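S.K.: Under UniProt numbering, the first residue of the sequence shown carries the number 1, and numbering increases by one thereafter.
Heads up, the beta-carbon is just placed ideally off N, CA and C, and yes, glycines get one too.
Small disclaimer: the values here were computed from a predicted structure and weren't measured.
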Amino acid sequence: MLLKDVVLEDRMAKTLLIDKHRTFLSSYPEKCEELELVMSEHFKMSGMYWLFTARDVAKNLEETERKEVIDFVQSCYDPVTGGYRPALGHDPHVLYTLIALVVLVALIVLVALIVLVALIVLAALIVLVALVVMLVLVVLVVLVVLIFLVFLLVLEAPFVLVVPFVLVFPFVQVVPFVLAVGIVLVVPFVLAVVLALYDELGIVDVEGVVRFIQSLQMEDGSFQGDCWGEIDTRFTFCAAASLALLNRLNDIDREKAVDYVMACENWDGGFGVRVGSESHSGQIFCCLGALSILGELHRVKADLLGWWLCERQLPSGGLNGRPEKLPDVCYSWWVMSSLKMLGRLHWIDHAKMRRYILACQDDETGGIADRPGDVADPFHTLFGLAGLSLMAHCEEVMAEDDEAEVALHRAELVEVDPVFCMPRKVIERMGIQTETLFVGC
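(1) With a threshold of 16 other CB atoms inside 10 Å of the CB of Ser279, please say whether the residue is buried or exposed.
(2) For the alpha helix (DSSP H) that contains His380, what are its first and last residues?
(3) Shorter than 8 Å from the beta carbon of Ala100 to some beta carbon of chain D?
(4) Are Ala257 and Val275 closer than 8 Å when you measure CB to CB?
(5) Output yes or no for whether 8 Å exceeds the beta carbon distance between Ala351 and Pro372.
(6) Spatial neighbours of His93 within its chain, please: C-beta separation below 6 Å, excluding the five flanking residues on both sides.
(7) Starting from the C-beta of residue 442, find all residues in its chain whose C-beta is less than 6 Å away, skip the five residues before and the five after it, and write them out in chain order.
(8) Spell out a yes or no on whether the stretch 226-237 and the stretch 421-440 are touching, meaning 3 or more CB-CB pairs, one atom from each, closer than 8 Å.
(9) Measuring straight from C-alpha to C-alpha, what distance separates Leu385 and Lys59?
(10) I need the DSSP call for Glu207, collapsed to helix, strand or coil.
(11) Can you give me the C-alpha to C-alpha distance between Leu314 and Gly208, rounded to a whole angstrom?
(12) What runs of the alpha helix (DSSP H), each 4 residues or longer, lie entirely inside the stretch 278-339?
(13) Rounded to a whole number of angstroms, what is the C-alpha to C-alpha distance between Tyr84 and His90?
(14) Can you tell me whether Val139 is buried or exposed, with buried defined as 16 or more other CB within 10 angstroms of its CB?
(15) I need the straight-line Cα distance from Asp78 to Val57, nearest angstrom please.
(16) Rounding to the nearest angstrom, what Cα-Cα distance links residue 472 and Met391 in this structure?
(17) Please check the pair Leu245 and Val105, which I expect to be a contact at CB under 8 Å, by giving their CB distance rounded to whole angstroms.
(18) Check this for me: beta carbons of Thr434 and Ile231, under 8 Å apart or not?
(19) For the alpha helix (DSSP H) that contains Met218, what are its first and last residues?
(20) Look at Leu288 and Val300 and say whether their C-beta atoms are less than 8 Å apart.
(21) Near Ala13, what residues of its chain come up, given a Cβ to Cβ distance below 7 Å and the 5 sequence neighbours on each side ignored?
(22) If you measure between the beta carbons of Val69 and Phe43, is that distance less than 8 Å?
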């Protein structure tokens with residue numbers, strides 16, 4: 001059978017050009033007046049997410065940019081429906097609602113972590129001062145005891161002259177000691193309270209967003225994307241992920257949502273857009289992600305689906321979305337994150353996969369394209385870096401792996417959560433629990 005594939009030439013990049021990617025992502029907003037971007041204004045929210053998350057994964061996100069990002073995202077909020085729009089003048093949609101929440105949550109956690117570091121440094125200084133005070137008090141105790149003994153034993157002073165000193169000294173000593181101990185004990189509590197208050201100062205209209213998502217669930221458990229009625233399993237994932245970020249998963253009919261997703265399962269173990277639709281890697285990611293968030297991932301045919309996903313890897317090492325299609329870097333995320341959720345990421349050839357993604361880099365401008373030689377863009381850069389991160393942070397090291405290259409990726413790329421495509425530290429900070437089938441990596 002003739003497979004559609006690409007040929008990797010020896011001249012193509014073989015190492016991660018992380019500095020070029022950071023420059024590419026940092027400079028991309030300057031191109032916002034170009035005709036191509038003006039004509040695709042309806043992708044503006046998505047573009048913000050691709051750029052923002054790619055820079056976060058590449059450890060290149062500056063806290064100083066948060067106000068501009070938040071202002072744009074909040075300008076897309078529709079208070080009437082409770083949903084977010086892709087840009088001003090467009091209709092709210094569950095996809096852009098999820099994207100908006102992902103960006104806002106990541107920013108809140110980013111600043112919370114910065115605040116935490118600052119408070120920890122301050123607390124460390126306070127504790128250090130308290131310990132110094134306690135040390136000084138110990139020295140004073142020793143000196144006072146010696147002076148007391150000198151007065152009584154050497155100078156043979158009358159005991160009545162020493163009594164006032166004995167009565168005053170414990171008070172002078174104990175009060176600072178209690179204060180020092182109090183500071184050491186109270187500082188962690190204060191840190192927790194401050195961070196809790198900070199997280200509560202969210203700008204998201206939680207009730208409005210929940211109301212919007214509730215309005216999109218159909219009687220059969222499926223979700224439409226907006227008021228116009230299109231049904232798609234992508235929207236089930238968007239709804240579940242959005243509510244998980246808001247800790248409001250129980251505000252939809254979870255059982256019906258899960259039943260609808262399972263009704264979309266095909267004979268090959270995969271999932272499609274709707275019941276009876278062809279299996280596709282992107283839809284599989286959405287269905288597995290929704291089931292993972294809703295705690296029902298164990299219901300899928302993991303081995304059968306894992307086999308179907310592994311069949312997406314072509315001789316070049318790249319992955320396609322469905323049979324007889326060309327490889328595309330974005331599927332390094334849709335396929336590998338699905339395999340990660342299933343605990344079967346080790347079922348594909350990591351070395352060949354890594355080689356394909358690296359070959360898709362632009363070694364002049366930075367950025368990653370869908371295929372070698374094509375124009376790089378933030379979309380493929382994000383999912384290419386996220387795919388490299390998944391492999392780099394895999395606990396099982398493959399025998400054929402380039403250990404030095406893997407170490408570089410692990411050092412330069414943050415660990416990404418396979419369900420939310422966000423830094424894992426953000427998901428952990430939010431306390432979000434998902435179900436994964438960790439048979440292997």
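M.R.: Taking the definition as stated:
(1) Locating residue 279 in the sequence shown gives position 279, where the first residue counts as 1. Buried: at least 16 other Cβ atoms inside 10 Å.
(2) For the purposes of this step, residue 380 is taken as residue 380 along the sequence shown, with counting starting at 1. Run containing His380: 378-392, per the alpha helix (DSSP H) assignment.
(3) Going by chain labels, chain D is absent from the structure shown, which holds only one protein chain.
(4) Here residue 257 is taken as the residue at index 257 of the sequence shown, counted from 1. Here residue 275 is taken as the residue at index 275 of the sequence shown, counted from 1. No.
(5) On the sequence shown, position 351 is the one that residue 351 refers to. On the sequence shown, position 372 is the one that residue 372 refers to. Against a cut-off of 8 Å, the Cβ pair of Pro372 and Ala351 comes out as no contact.
(6) Position 93 of the sequence shown holds residue 93. Same-chain partners within the cutoff: Gly225, Asp226.
(7) Since the first residue of the chain shown is 1 and the last is 441, residue 442 is not available in this structure.
(8) no
(9) Counted from its first residue, the sequence shown places residue 385 at position 385. Counted from its first residue, the sequence shown places residue 59 at position 59. Cα to Cα, the separation comes out at about 11 Å.
(10) As a first step, residue 207 is located in the sequence shown; it is residue number 207 there, counting from the start. Glu207 carries a helical assignment under DSSP once its states are collapsed to helix, strand and coil.
(11) Within the sequence shown, the letter at position 314 stands for residue 314. Within the sequence shown, the letter at position 208 stands for residue 208. Each residue's Cα considered, the two are about 45 Å apart.
(12) With a minimum length of 4 residues, the continuous alpha helix (DSSP H) runs that stay inside the stretch 278-339 are 281-293, 302-310.
(13) By one-based count along the sequence shown, residue 84 stands at place 84. By one-based count along the sequence shown, residue 90 stands at place 90. Straight-line Cα distance between these residues: approximately 9 Å.
(14) Here the question's residue 139 lines up with position 139 in the sequence shown. With fewer than 16 other Cβ atoms within 10 Å, it is exposed.
(15) Taking the sequence shown and counting its residues from 1, the one referred to as residue 78 is at position 78. Taking the sequence shown and counting its residues from 1, the one referred to as residue 57 is at position 57. Rounded to the nearest angstrom, the two C-alpha atoms are 29 Å apart.
(16) Outside the displayed range of the chain (1 to 441) lies residue 472, so it cannot be described from this structure.
(17) The residue labelled residue 245 in the question sits at position 245 within the sequence shown. The residue labelled residue 105 in the question sits at position 105 within the sequence shown. Going by Cβ atoms, the distance from Leu245 to Val105 rounds to 5 Å, so yes, they are a contact pair.
(18) Within the sequence shown, the letter at position 434 stands for residue 434. Within the sequence shown, the letter at position 231 stands for residue 231. Their beta carbons are not under 8 Å apart, which means Thr434 does not touch Ile231 by this criterion.
(19) Start at 1 with the first residue of the sequence shown, and residue 218 comes out as number 218. Annotation for Met218: no alpha helix (DSSP H) segment contains it, and DSSP assigns it neither H nor E.
(20) Within the sequence shown, numbered from 1, the residue matching residue 288 stands at position 288. Within the sequence shown, numbered from 1, the residue matching residue 300 stands at position 300. Going by C-beta atoms, Leu288 is nearer than 8 Å to Val300.
(21) Counting from 1 along the sequence shown, the entry for residue 13 is found at position 13. Excluding sequence neighbours, Ala13 sits near Leu358, Ala359, Gln361, Asp363.
(22) For this step, residue 69 is matched to residue 69 along the sequence shown. For this step, residue 43 is matched to residue 43 along the sequence shown. In this structure, Val69 sits away from Phe43, with a CB-CB distance that is not shorter than 8 Å.
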